[in-house]
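Written out below as structure tokens is the structure these notes cover.
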Amino acid sequence: MPHLLATCLALAFCSLTLSAAHAVALRAPDAKPSDFPIEPQVLQQTTEDDQVRIDETRVGGATRKLTVQPKIKGMPAYEIATPTPGRPTAQDPKAGQRVWLNIGF
């Protein structure tokens with residue numbers, strides 16, 4: 002029984018060593034950060050005055066989310082639907098429409 006346990010432990014150690022060596026071998030030896038795809042820039046901007054607060058999220062320069070929070074008591078927040086990426090604005094019926102936020106998480 003002790004020999005079986007020692008054999009199992011040795012096999013487990015060897016398999017871990019081989020998998021770690023395989024993972025190192027899979028890396029590109031001359032990979033530079035510029036070789037990988039660049040993530041688009043995400044910009045979150047807040048514009049505010051005495052009547053309203055607007056939170057805007059842009060990804061790669063395109064507006065993805067607009068949330069409007071009126072400062073008038075009792076007025077609910079709403080989103081302005083942005084165009085679907087890759088679809089002409091004229092063919093996107095929801096683009097520019099208000100979407101009321103009834104339930105918030």
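Under the working numbering, the first residue of the sequence shown is numbered 2, with each subsequent residue one higher.
C-beta atoms are modelled at their ideal positions from N, C-alpha and C, and glycine is treated no differently.
Beta-carbon spacing of residue i, residue j below 8 Å
i, j, result
"Val53", "Gln70", "yes"
"Thr83", "Thr68", "no"
Separation of residue j from residue i, as counted between CA atoms
i, j, result
"Gly97", "Glu40", "27 Å"
"Pro89", "Arg59", "18 Å"
"Gln46", "Ile73", "21 Å"
"Gly75", "Gln92", "34 Å"
"Pro86", "Pro94", "13 Å"
"Ile81", "Ile55", "10 Å"
"Asp50", "Asp36", "44 Å"
"Thr48", "Pro38", "31 Å"
"Trp101", "Glu57", "16 Å"
Backbone secondary structure at residue i - three-state DSSP
i, result
"Asp56", "strand"
"Ala96", "coil"
"Ala63", "strand"
"Leu19", "In this predicted model, Leu19 has a pLDDT of only 44, less than 50, meaning its place in the structure is not dependable; the value taken from the coordinates is given anyway. Helix at Leu19."
"Thr68", "strand"
"Thr90", "helix"
Reference residue i, options the options, closest by Cα
i, options, result
"Lys77", "Leu44, Glu49 and Arg99", "Reading off the sequence shown, one finds Pro at residue 77, where the question assumed Lys. The candidate whose alpha carbon is nearest that of Pro77 is Arg99."
"Gly62", "Leu44, Pro94, Lys95 and Trp101", "Leu44"
"Tyr79", "Pro38, Lys66, Thr48 and Asp93", "Lys66"
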